[in-house]
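For reference, the structure discussed in these notes is given below.
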Amino acid sequence: MTKKNDLALIKIEDLNFTSLGSIPFLINKKNMDVGSSIFVLGYPLITTMGNEVKLTNGIISSSSGYQGDITSYQMTAPVQPGNSGGPVFDSKGNLVGIINAKYFGAENASYAIKSIYLLNLFESLSTYPKLQMSSNLINKALPEQVKLLKNFIYIIEVEN
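Going by our numbering, the sequence shown opens with residue 960, and the numbers climb by one from there.
Pasting the structure below:
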């Protein structure tokens, strides 16, 4: 876990759990250009909007986040409570960020931690996770990408 970059990894300790299978996407290792198309998948406001995965899209509107934070992107994809921790993908289905904030003082100003900081977190682990070497999403239309990706997007609920 890294508080500075607002990222955490969850370890599954369940003897009955075997695998999620092969993830269909790659993690982007480069910064995105301003104007690049992106989309977000998640479970916003599940008590009122339901527990089906939701898609919003937009563009990278700034290469820095809130108050010039260089670890994040600002983007136009609308997000709501429940999107936090959710993935941001580019048009090829590569993971480019992780939703971590929304600016309520402006319309469609949301923020995502850049995927490179997720890779940095992986490097700090005692065992580096095995990452995908190829994508199953290249040259697929957005509806097809979503069909494949939604099997890897989860709701995590915490009970007090």
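Note that beta-carbon positions come from the ideal geometry of N, C-alpha and C, so glycine has one too.
Own chain residues within Cβ distance below 6 Å of Thr961, not counting five before or after: In this predicted model, Thr961 has a pLDDT of only 49, less than 50, meaning its place in the structure is not dependable; the value taken from the coordinates is given anyway. Closer than 6 Å at the Cβ level, and outside the excluded window around Thr961, lie Leu1080.
8 Å Cβ cutoff met for Val934 and Ser1074: No information on residue 934 is available, as it lies outside the stretch 960 to 1119 that the chain covers here.
Exposure of Ala1060, with buried meaning 16 or more beta-carbon neighbours within 10 Å: buried
Assigned exposure category for Gly1052 - 16 Cβ within 10 Å defines buried: Flag for Gly1052 reads buried.
Of the listed residues Leu979, Leu1084 and Ser1043, nearest to Leu1159 (C-alpha basis): What the structure shows of the chain is the stretch from 960 to 1119, and residue 1159 is not part of that stretch, so it cannot be assessed.
Met960 - DSSP class collapsed to helix/strand/coil: Reliability of the predicted coordinates at Met960 is poor, the pLDDT of 44 falling under 50, and no value is obtained from them.
Strand pairing of Ser1021, partner residues [DSSP]: Gln1033
Delimiting residues of the alpha helix (DSSP H) encompassing Lys1106: Leu1101 to Leu1108
Boundaries of the alpha helix (DSSP H) in which Ile1005 is found, first to last residue: Ile1005 to Met1008
Nonlocal neighbours in the same chain, by C-beta distance under 7 Å from Leu1004, ignoring five residues either side: Gln1039, Pro1040 and Gly1041
Span of the alpha helix (DSSP H) around Phe1081: Ser1074 to Glu1082
Coarse secondary structure for Gly905, derived from DSSP in three states: The question about residue 905 has no answer here: the residues shown for the chain are numbered 960 through 1119.
Inter-residue Cα distance where the pair is Glu1103 and Asn1095: 10 Å
Environment of Thr1030 [buried if 16+ CB atoms lie within 10 Å]: With 16 or more other Cβ atoms within 10 Å, it is buried.
One or two residues paired with Phe1048 in a DSSP bridge: Phe998 and Leu1054
Buried versus exposed, by CB contacts within 10 Å (16 or more), Gly1064: exposed
Residue of Gln1026, Leu1101, Asn1098 and Pro1088 minimising C-alpha distance to Leu1077: Among Gln1026, Leu1101, Asn1098 and Pro1088, the Cα nearest to that of Leu1077 belongs to Pro1088.
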